[in-house]
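**Q** Residue numbers (full-length UniProt numbering): 1 to 97. Pasting a structure here, questions to come.
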Amino acid sequence: MTLNRRGRLARTFVVLSLAIVLGSVVSAKAGAGIDAAPQAAGSFITVTVAPGDTVWSLANRLAGSRDVRSLVSEIISVNSLASVDVATGQKLRIPLK
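Structure (structure tokens):
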């Protein structure tokens with residue numbers, strides 16, 4: 001069976017539509033296994049690192065009744081730090097809970 005130009009165009013449209021739908025389903029499933037709960041907007045403060053500050057000293061000062069170790073881990077995670085080393089003048093986001 002030979003398709004005319006209109007038939008080939010319709011077939012191409014259907015194939016492209018299916019590819020787009022399949023691509024959107026795959027991309028929607030890509031982040032489905034993430035365990036981290038999204039943070040509400042405004043649940044962070046930004047702190048500029050002063051001379052002598054460390055992630056531990058900032059966490060200790062801002063932890064309140066929270067566990068300092070867990071706050072240090074959150075600060076490292078939120079700011080994508082490779083270690084606890086920070087530089088004077090660096091801005092860090094501190095999660096508030």
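Virtual Cβ for every residue (Gly too), placed ideally from N, Cα, C. Computed from a predicted structure; not experimentally measured.
For the 8 Å Cβ check, are there 3 or more pairs between the region 65–75 and the region 9–29?
**A** At 8 Å Cβ cutoff, the stretches do not touch.
**Q** Could you tell me if L92 is buried or exposed, where buried requires 16 or more neighbouring beta carbons within 10 angstroms of its beta carbon?
**A** Result: buried.
**Q** Are the Cβ atoms of I94 and F13 separated by less than 8 Å?
**A** Taking 8 Å as the Cβ cut-off, I94 and F13 do not qualify as a contacting pair.
**Q** Can you look up V47 in the DSSP assignment and give me helix, strand or coil?
**A** Correct three-state label for V47: strand.
**Q** Do V47 and G89 have their C-beta atoms within less than 8 Å of each other?
**A** Not in contact: V47 and G89 (Cβ atoms no closer than 8 Å).
**Q** Which residues in the same chain have their Cβ closer than 7 Å to the Cβ of A59, if we skip the five residues on either side of it in sequence?
**A** Excluding sequence neighbours, A59 sits near V68, L71, V72, I75.
**Q** Is A82 near the ligand GDP, in the sense that its beta carbon is under 7 Å from a heavy atom of that ligand?
**A** Among the components of this structure there are no ligands whatsoever, and the ligand GDP is therefore not found.
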